[in-house]
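Anchor point for the sequence shown: position 258 equals 246 in the working numbering, and the numbering is continuous, going up by one each time.
Just so you know, even glycine gets a beta-carbon here, dropped at the ideal spot from N, CA and C.
Here is the structure we will look at.
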Amino acid sequence: MSDTLCVFEWRYGSEEMRRLFSRENIVKTYKRVELALLEALAETGIAPIEAVEQLRSVLDTVTAEDVYTEEKRIKHDIASLVFLLARKAGGEAAKWVHFGATSYDIVDTAWALILRDALAIVKGRLAAVIEKLSSLASEYSRLPMVGRTHGQHAVPVTLGFKFANYVYEFARSYERLCELEKRLLRVKLGGAVGTMASWGGKGFIVRRKFAEKLGLEPHIISTQVAPRDGFAELAAVAAILASQLDRFAFEVRELSRPEIMEVWEERGGTVGSSAMPQKRNPVTAERISGIARFIRSLMPGFMENIVLWHERDLSNSSFERIALPHLLLALDQALADMLALLEKLRFSPENMKKNLYLGWGTVVAEKLMNMLIERGLTREEAYKLSQKAAARALAEKRPLWQVAAEMHEVSKRIDEKTLEKELVPEKYVGPVERLVEDAVRYAVQVVERC
């Protein structure tokens, strides 16, 4: 650990995701792409068939260390790989490896293969988040709590309703990931500037065979590089998902304030503060928020990379080598933290009820207004009466229904028993169970369909 520089090497991201973006796996994927190209060339009749076996026999003998040592000398990683493979393989392979290709035929196709595996990890974690949240939404669909808008008490909701909104949002991000894949995960093969000139009239056949071997569709047309809008879309989808995770984390952070304490992150015996032993800081939720900021910060660079000169320049390369692994590792960590947070969530129905009645029933002032409208008042008249009743209830610290029953303009239309029966916060939650069911059903369908 003492020799590591990047926190993603030891602190953030799973070993599974780290392996995908390791030097060894990147070079291994480059070699896989080079082999697929030579196989396609041989099957098309451009290269001799014996070249394929010659190349295959030496793939494992060229390591990532070999490639990057050679790169220090000639300053080009793909050329280093190709020259090393050619030297080791000899024979026909030395002539035909990489024939007609440009470096980014290899690099962009390798990115597609690595990102396919990375997105599978992301989707797996997100599906688990959706499943856990769906379970919580269903379990607590009838547990009432105060709804808040602008940070103020609004009208009642339920804890399950709150969770179901996140289920729906995360399912939408799952959809985005699935939609993104058909544009991002494509092989790129076109040669120096994308025209396939090196393969004569056989370019389309070579590309089709190449794509089939790697299990991806090809880009229909490209310059020297695949369109960078794919990476920009990945960054955008990741930023949206990270922001949704951040929104949930922020919700937990807010609701875990001691003066609210409706939902919190169980810390067990861990240290909350080095100075204040009483602290129970929501550190997992806070880390999600911090990582989300990092993910969002990468967006401008991916957008800038769309703007390359003519058939391409090299300004995208260094940014992508840094940003793509970090984007996926950060998202991987945020999702892992979200799963951990969901396992550690604790709830207080008692505090939810206490806070629900903190405003003396004024959270159902809308219900009072609607009852008055149904009994003949205009909306403005009903609004003003309900507003006046709510203000008195808060000032006098008495239930809204009781204050309203004493107001002549209300009592001559609604009797006291009806007011007491109807102006109950727990009853004013609408068809929440149906709303929760619909959200959960939608999420299940999305995950199954994708």
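Once the 5 residues before and after residue i are set aside, which same chain residues still bring their CB inside 8 Å of it?
{"i": "Ser262", "result": "With a pLDDT of 47 at Ser262, under the threshold of 50, the modelled position of this residue cannot be trusted, and the question is left open."}
{"i": "Gln375", "result": "Ala353"}
{"i": "Ala180", "result": "Thr90, Ser186 and Gln212"}
{"i": "Leu344", "result": "Pro132, Met133, Val134, Pro144, Val351, Pro413 and Glu414"}
Could you check if residue i is buried or exposed, using at least 16 other CB atoms within 10 Å of its CB as the buried criterion?
{"i": "Phe290", "result": "buried"}
{"i": "Phe192", "result": "exposed"}
{"i": "Val(-5)", "result": "exposed"}
{"i": "Arg178", "result": "In the sequence under discussion, the amino acid at residue 178 is Gly, which differs from the Arg named in the question. When all chains shown are included, Gly178 counts as buried."}
{"i": "Thr97", "result": "buried"}
{"i": "Ile402", "result": "buried"}
{"i": "Trp(-2)", "result": "exposed"}
{"i": "Pro419", "result": "exposed"}
{"i": "Gly182", "result": "buried"}
{"i": "Leu(-7)", "result": "exposed"}
{"i": "Asp(-9)", "result": "exposed"}
{"i": "Ile62", "result": "exposed"}
{"i": "Ala504", "result": "Only positions -11 to 438 of the chain appear in the structure, and residue 504 is not among them; the question remains open."}
{"i": "Pro313", "result": "buried"}
{"i": "Lys405", "result": "exposed"}
{"i": "Leu316", "result": "buried"}
{"i": "Asp48", "result": "exposed"}
Are residue i and residue j close, meaning C-beta to C-beta below 7 Å?
{"i": "Val95", "j": "Val85", "result": "no"}
{"i": "Thr272", "j": "Glu253", "result": "yes"}
{"i": "Val424", "j": "Ser129", "result": "yes"}
{"i": "Val398", "j": "Val143", "result": "no"}
{"i": "Gln232", "j": "Glu299", "result": "no"}
{"i": "Leu26", "j": "Val15", "result": "no"}
{"i": "Leu286", "j": "Ala223", "result": "yes"}
{"i": "Ala159", "j": "Val417", "result": "no"}
{"i": "Pro270", "j": "Val240", "result": "yes"}
{"i": "Leu382", "j": "Ala116", "result": "no"}
{"i": "Lys150", "j": "Thr32", "result": "no"}
{"i": "Ser2", "j": "Asp320", "result": "yes"}
Thinking residue i and residue j are a contact (beta carbons under 8 Å), I'd like their distance in whole angstroms, please.
{"i": "Val440", "j": "Ala125", "result": "An answer regarding residue 440 cannot be provided, because it is not within the stretch -11 to 438 covered by the chain."}
{"i": "Leu346", "j": "Val251", "result": "That belief does not hold up - the Cβ atoms of Leu346 and Val251 are roughly 16 Å apart, past 8 Å."}
{"i": "Arg104", "j": "Leu173", "result": "5 Å"}
{"i": "Ala74", "j": "Ala67", "result": "Not confirmed; about 10 Å, so no contact."}
{"i": "Met395", "j": "Ala377", "result": "6 Å"}
{"i": "Ala52", "j": "Glu12", "result": "5 Å"}
{"i": "Glu22", "j": "Glu80", "result": "Wrong, their Cβ atoms sit about 14 Å apart, outside the cutoff."}
{"i": "Trp389", "j": "Leu411", "result": "4 Å"}
{"i": "Arg255", "j": "Arg245", "result": "With a Cβ gap of about 15 Å, Arg255 and Arg245 do not count as contacting."}
{"i": "Phe219", "j": "Glu308", "result": "7 Å"}
Apart from the five residues on each side of it in sequence, which residues of its chain come closer than 7 Å, Cβ to Cβ, to residue i?
{"i": "Val217", "result": "Note that residue 217 is Asp in the sequence shown here, rather than Val. If we look at Asp217 and ignore the five residues flanking it on each side, its Cβ neighbours are Ile294."}
{"i": "Ala24", "result": "Phe198, Lys201 and Leu202"}
{"i": "Arg275", "result": "Asp325"}
{"i": "Leu72", "result": "Val50, Asp54, Val55 and Glu58"}
{"i": "Asp234", "result": "Ile276, Ser277 and Ala280"}
{"i": "Lys111", "result": "Tyr162 and Leu165"}
{"i": "Glu169", "result": "Leu107"}
{"i": "Ser122", "result": "Val155, Val428 and Ala431"}
{"i": "Arg367", "result": "Ile361"}
{"i": "Arg386", "result": "Trp348"}
{"i": "Leu204", "result": "Ala100, Leu173, Arg174 and Val175"}
Spatial neighbours of residue i within its chain, please: CB distance less than 6 Å, with the 5 preceding and 5 following residues excluded, ordered by chain position.
{"i": "Leu229", "result": "Ser161"}
{"i": "Phe236", "result": "Tyr154"}
{"i": "His207", "result": "Arg174, Lys176 and Ala214"}
{"i": "Phe335", "result": "Val251"}
{"i": "Leu440", "result": "This structure gives no information on residue 440, because the portion of the chain shown stretches from -11 to 438."}
{"i": "His141", "result": "Val134, Gly347 and Val351"}
{"i": "Glu318", "result": "Glu is not the amino acid found at residue 318; the sequence shown has Ala there. Once the five neighbours on either side are set aside, the close Cβ partners of Ala318 are Ile279, Phe282 and Ile283."}
{"i": "Lys120", "result": "Leu330"}
{"i": "Pro36", "result": "Glu80"}
{"i": "Glu421", "result": "Ser129"}
{"i": "Leu407", "result": "Trp389, Ala392 and Ala393"}
{"i": "Ala77", "result": "Gln42, Leu43 and Val46"}
{"i": "Arg6", "result": "none"}
{"i": "Asn339", "result": "Met249 and Glu250"}
{"i": "Ser210", "result": "Lys176, Gly178 and Gly182"}
{"i": "Ala152", "result": "Ala125, Val424 and Ala427"}
Taking only beta-carbon positions, decide if residue i is within less than 7 Å of chain D.
{"i": "Glu242", "result": "Here chain D cannot be found, since the structure has a single protein chain."}
Quiz item: Which full runs of the alpha helix (DSSP H) of 4+ residues lie inside the segment 98 to 177, going along the chain?
Solution: 147 to 172
Quiz prompt | Residue ranges of each beta strand (DSSP E) within the segment 350 to 412, 3 or longer | solution = none
Quiz prompt | 3 or more residues per run - each beta strand (DSSP E) lying fully within the segment 220 to 300 | solution = 251 to 253
Practice problem: Counting only runs of 4+ residues fully inside the segment 43 to 96, write out the alpha helix (DSSP H) ranges in chain order. | Solution: 52 to 62, 65 to 77 and 81 to 84
Quiz item: Fully enclosed by the segment 300 to 336, which alpha helix (DSSP H) runs are 4 residues long or longer?
Solution: 303 to 332
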